[in-house]
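One structure is given below, encoded as structure tokens.
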Amino acid sequence: MAGKTVTEEQIREWSEGQAFERGKIYMAQGRVEDLSVTGTGATATVDGSQPYEVRLELTDAGMSGECSCPQGGEGAFCKHCVAVALAWLDRSGPLAMPEAPEKIGDARLRAFLTGQDHEWLADELMRAASASPVLRARLEVAAGGDVRAALDDGRLRRRLGKVVKAGRTATAKEQDERFAEIEAVLGEVSGLVGAGFAGTAAGLAEYAIDLLVPYMERDGYLVSSTLTQARRIHLEACATGHPDPVALADRLVDQALATGRLFVDALPGYAEALGTAGMARYRERVEQAVDDPDAEPATVARLRERLAEHEGGADALIALLASGKPSGQDVLRIARALVTEGRDQDAVGWIRRGLEDSPADADLRGLGAECLVRAGDRRGAVELLWPVFIGAPTLVTYRALAEAAAGHWPRWRDRALTLLRDQLTEAGDPYRFGILVEILLWEEDVEGAWQVAGAGGISENLRLRAARARAATHPADAVPLLLELAEQEIVSKRKWAYPRAAQLLAEAQILSARAGTGDDFDRHMAALRTRHKAKPALRLQLDLARLP
Numbered sequence: 001m002a003g004k005t006v007t008e009e010q011i012r013e014w015s016e017g018q019a020f021e022r023g024k025i026y027m028a029q030g031r032v033e034d035l036s037v038t039g040t041g042a043t044a045t046v047d048g049s050q051p052y053e054v055r056l057e058l059t060d061a062g063m064s065g066e067c068s069c070p071q072g073g074e075g076a077f078c079k080h081c082v083a084v085a086l087a088w089l090d091r092s093g094p095l096a097m098p099e100a101p102e103k104i105g106d107a108r109l110r111a112f113l114t115g116q117d118h119e120w121l122a123d124e125l126m127r128a129a130s131a132s133p134v135l136r137a138r139l140e141v142a143a144g145g146d147v148r149a150a151l152d153d154g155r156l157r158r159r160l161g162k163v164v165k166a167g168r169t170a171t172a173k174e175q176d177e178r179f180a181e182i183e184a185v186l187g188e189v190s191g192l193v194g195a196g197f198a199g200t201a202a203g204l205a206e207y208a209i210d211l212l213v214p215y216m217e218r219d220g221y222l223v224s225s226t227l228t229q230a231r232r233i234h235l236e237a238c239a240t241g242h243p244d245p246v247a248l249a250d251r252l253v254d255q256a257l258a259t260g261r262l263f264v265d266a267l268p269g270y271a272e273a274l275g276t277a278g279m280a281r282y283r284e285r286v287e288q289a290v291d292d293p294d295a296e297p298a299t300v301a302r303l304r305e306r307l308a309e310h311e312g313g314a315d316a317l318i319a320l321l322a323s324g325k326p327s328g329q330d331v332l333r334i335a336r337a338l339v340t341e342g343r344d345q346d347a348v349g350w351i352r353r354g355l356e357d358s359p360a361d362a363d364l365r366g367l368g369a370e371c372l373v374r375a376g377d378r379r380g381a382v383e384l385l386w387p388v389f390i391g392a393p394t395l396v397t398y399r400a401l402a403e404a405a406a407g408h409w410p411r412w413r414d415r416a417l418t419l420l421r422d423q424l425t426e427a428g429d430p431y432r433f434g435i436l437v438e439i440l441l442w443e444e445d446v447e448g449a450w451q452v453a454g455a456g457g458i459s460e461n462l463r464l465r466a467a468r469a470r471a472a473t474h475p476a477d478a479v480p481l482l483l484e485l486a487e488q489e490i491v492s493k494r495k496w497a498y499p500r501a502a503q504l505l506a507e508a509q510i511l512s513a514r515a516g517t518g519d520d521f522d523r524h525m526a527a528l529r530t531r532h533k534a535k536p537a538l539r540l541q542l543d544l545a546r547l548p
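FYI, full-length UniProt numbering numbers position 486 of the sequence shown as 486, with every residue one higher than the one before it.
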């Protein structure tokens, strides 16, 4: 990354949650002490709730940070790291990232190895093999050993079984650890594919999937993400060569029918692994499922659609779905298949047909707009997207309009914002103008966003976003809101109210100093301390924040 420099915006991206804003306040309050800077590193002490030691290091990827606080100890870029990074930036100006160290490529490494003594190479391989069962197995197979004897998958099976079958009474932290362990084992399984043990990897992935299926509904996202990893490994292993393509076909159809989710979309991914014999069996099983009274019709329909599209393309899918009256989802599948084949014009025709029955279908309109943009018909694309924006005005739908219109956007923008303002004015939602503020902030129209925010009708978080954007050029304008929100926190009795109030007040103090109204802020704090003098916990937080 030669020539790259660290910026304040990058520091914001590296931090998490409120760490950047708090770190920026710490830096402005002069809490960064004993800052020592070298060519690529910096150390300092940050005066927080206690002194914390911070060490930063520039790398070719950006900046790494260590802090003695609990958050920094876990590797996060905490508020103390942010404070030191900003102080370093303030002292030294742009911080140049070092160039990435030169890596020895495969060709250079191979050239080195081919020139070494055979005894040395053998010793190095034996040493590496003692720490890597997979490497040991590969070497044994190369020496003439049997694949099944060389690599015992029992260890991985036992680890998978133990961790997946953990009790339902596990805490949230234990559940996270449980699935982290599953992912670690699956990582080892994945390594078997490239090591030449694809068949073993496929078997282990199937075993993991079988273990996880009963937990699909109970453990939600964690199981879903782990199943996704197991399925990816299974597909990768099968692509190298499944030992029994017919058995693979049975497995894919059986699990699709049993779960309604797994392997419903197996084609075209598994087609190569299935081969001629496997595909024949797969086709036979799908046809049998049509007459199976226990099979879920929606699942069977999905299997048939995928099979038809794989074997006959979009036209075969059309023949299957258009035999009756295709639904909006059917039309969307047909259009996507046509787009895959590069038949955008045909896809748009089907999309317009689908919109006759489902005029508000955002997916159909979005796909049609993509086709029209590729054809150069940006007006048509915007006209397709227009009802989506009006029906569901969000920053996402607004950006889609802007991207579709491209150079024609200025005149469409005025129309979009006018209609949006009229629509929001009539709405009964107390936070109805939040969408407009988000849009204006995205466009970097801070003045416009600030004016709308001042009229009300947006959430407190969005008001704060608008105020912080405004503070870059008009710090005095943001101070009243920060003081107001701080007072709300103080009287709210929420768990983190006092630390949150102190942070807002510290931010207001910095902006007041920039605006030349520091005396007014001091008077406000004196009145606040008097008004809440019966709250020692609040006084403690104000003192920790070094507030007057």
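Idealized CB from N, CA, C, for every residue including glycine. Small disclaimer: the values here were computed from a predicted structure and weren't measured.
Per DSSP, what are the beta-bridge partners of residue i in this structure?
i, result
"alanine 57", "It is glutamate, not alanine, that sits at residue 57 in the sequence shown. Looking at the DSSP assignment, glutamate 57 forms a beta bridge with Gly41 and Ser64."
"proline 51", "Asp47"
"serine 512", "Answer is none; serine 512 lacks a bridge partner."
"threonine 5", "Ala96"
"phenylalanine 77", "Ser15"
When you compare only the Cα positions, how much space is there between residue i and residue j?
i, j, result
"methionine 27", "methionine 63", "18 Å"
"alanine 545", "cysteine 67", "19 Å"
"alanine 453", "leucine 424", "13 Å"
"proline 133", "glutamate 57", "36 Å"
"valine 437", "lysine 173", "38 Å"
"valine 331", "leucine 462", "39 Å"
"proline 245", "serine 130", "35 Å"
"glutamate 309", "valine 223", "30 Å"
"alanine 230", "glutamate 188", "11 Å"
"methionine 1", "methionine 97", "The predicted model places methionine 1 with a pLDDT of 37, which falls under 50 and marks its position as unreliable; any figure quoted below should be read in that light. If I take the Cα positions, the gap works out to 7 Å."
"alanine 87", "alanine 61", "20 Å"
"leucine 317", "glycine 161", "41 Å"
"leucine 505", "phenylalanine 433", "26 Å"
"leucine 121", "threonine 340", "50 Å"
"threonine 397", "glutamate 21", "30 Å"
"glycine 93", "leucine 401", "39 Å"
"valine 348", "valine 264", "27 Å"
"serine 49", "alanine 526", "22 Å"
"glutamate 305", "arginine 283", "12 Å"
"isoleucine 439", "arginine 421", "12 Å"
"arginine 336", "aspartate 346", "10 Å"
"leucine 274", "valine 290", "21 Å"
"alanine 362", "leucine 511", "44 Å"
"glycine 30", "alanine 76", "22 Å"
"aspartate 47", "leucine 384", "57 Å"
"glycine 376", "alanine 100", "42 Å"
"leucine 89", "threonine 7", "8 Å"
"tyrosine 221", "aspartate 176", "11 Å"
"threonine 114", "glycine 145", "25 Å"
"leucine 540", "glutamate 9", "32 Å"
"valine 388", "glycine 366", "9 Å"
The ligand FMN and residue i: does the residue's C-beta get closer than 8 Å to at least one heavy atom of that ligand?
i, result
"proline 98", "The ligand FMN is absent from the structure shown, which contains no ligand whatsoever."
Please state the DSSP three-state secondary structure of residue i.
i, result
"leucine 113", "helix"
"leucine 35", "strand"
"serine 15", "strand"
"threonine 394", "coil"
"arginine 494", "coil"
"lysine 535", "coil"
"histidine 310", "helix"
"alanine 289", "helix"
"cysteine 371", "helix"
"leucine 69", "At residue 69 the sequence reads cysteine, which differs from the leucine that was named. Three-state result, cysteine 69: coil."
Do residue i and residue j have their C-beta atoms within less than 9 Å of each other?
i, j, result
"alanine 449", "alanine 466", "yes"
"residue 584", "leucine 338", "The chain is shown only over 1 to 548; residue 584 falls outside these bounds and no answer can be derived."
"threonine 517", "valine 479", "yes"
"leucine 441", "leucine 464", "no"
"cysteine 238", "alanine 280", "no"
"cysteine 69", "glycine 23", "no"
"valine 193", "threonine 228", "no"
"alanine 487", "tyrosine 498", "Reading off the sequence, residue 487 comes out as glutamate, not alanine. Their beta carbons are not under 9 Å apart, which means glutamate 487 does not touch tyrosine 498 by this criterion."
"arginine 378", "alanine 404", "yes"
The region 490–502 contacting the region 464–479, beta-carbon criterion three pairs below 8 Å: no
Given 8 Å, three or more beta-carbon pairs between the region 36–55 and the region 100–107: no
The region 236–255 / the region 198–209 touching (three or more Cβ pairs under 8 Å): yes
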